[in-house]
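Q:
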Amino acid sequence: MVGLAACDRGSPRAASFKGVDITGADYARRLELSDADGRARSLADFKGKVTVVFFGYTQCPDVCPSTLGELAQVKRALGADGERVQGVFVSVDPARDTPEVLKAYMASFDPGFVALRGTPEQTLAAAKEFKVYYAKVPGKTESSYTMDHTAGSFVFDASGRVRLFVRYGTGAEALTADLRALLDEAKAAA
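No gaps in the numbering here: position 57 of the sequence shown is 63 in the working numbering, and each next residue is one more.
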């Protein structure tokens, strides 16, 4: 036991996060969908940046716009370091979230945010990989439906590993602290 304690002295201390630390999770490892320009994208495309992945839909009345707005606010609050933060929005409503709709939606939050979409089968596979729930909720007309969906975000460090699950409503201050810790971790490793 004494030998083990001595080995730990030189180890860096793990950051204390506000979000749920899911470092080492055996899910949320792959994401392969097309962006709004039709290019195939994967999580590897965002290595070097702290990446925040959120599943939602453009016609969402509250959770999606407030989450993306908060992420844009956090990115600005980080100043120059905000350029090393990447927002990724994954549509759970590919029928209505066309490439044109997604481009306009992302531009209203941050022009650097990326929107991804796939076929219904690809969307389901991505949701399963992230253990994300979504379901169509019928409306008064065929096209007026809503989508129930998981409201949290997944945060990946600059090396591309999933690190945090951030619950909806955690707040900009907590997210800023967590992203700053991961950005600082990446600087220290460089």
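C-beta: ideal position from N, C-alpha, C; glycine also. Note that the structure is predicted; figures quoted are calculated from it, not measured.
When the distance is taken between beta carbons, is F162 closer than 8 Å to F136?
A: no
Q: As an exercise, report each continuous alpha helix (DSSP H) stretch of at least 4 residues that is fully enclosed by the region 38-116, in chain order.
A: 69-83 and 105-113
Q: Taking the CB atoms as reference points, tell me whether L39 and R167 lie closer together than 8 Å.
A: It is not a contact, given that the beta carbons lie outside the stated cut-off.
Q: With three or more C-beta pairs closer than 8 Å as the rule, is the region 50-66 touching the region 146-161?
A: yes
Q: If you compare alpha carbons, which of E127, G85, S114 and C70 is closest to L189?
A: G85
Q: Taking the alpha carbon of A178 as the point to measure from, which residue in S48, L49, T57 and A83 has its own alpha carbon closest?
A: A83
Q: Excluding the 5 residues preceding and the 5 following S17 in the sequence, name in chain order all residues of the same chain whose CB lies nearer than 6 Å to its CB.
A: Low local confidence applies: a pLDDT of 33 at S17 is under 50, so the model's placement there is unreliable, with the coordinate-based value given in what follows. Counting only Cβ-Cβ distances below 6 Å, and skipping sequence neighbours, we find nothing.
Q: Suppose only complete runs of 3+ residues qualify. What are the beta strand (DSSP E) ranges in the region 149-189, listed by chain order?
A: If only complete runs of 3 or more residues are kept, the region 149-189 shows the beta strand (DSSP E) at 152-155, 159-162 and 168-172, in order along the chain.
Q: Between which two residues does the beta strand (DSSP E) carrying K134 extend?
A: Where K134 is concerned, there is no enclosing beta strand (DSSP E), although the alpha helix (DSSP H) it sits in stretches over P126 to F136.
Q: Can you tell me which of F95, T29 and D99 puts its alpha carbon nearest to the alpha carbon of A78?
A: Of the listed residues, the one whose Cα sits closest to A78 is F95.
Q: I'd like to know if the region 109-123 and the region 37-51 are in contact, where contact means that at least 3 CB-CB pairs between them fall below 8 Å.
A: Yes, since at least three Cβ pairs between the region 109-123 and the region 37-51 fall closer than 8 Å, the two stretches touch.
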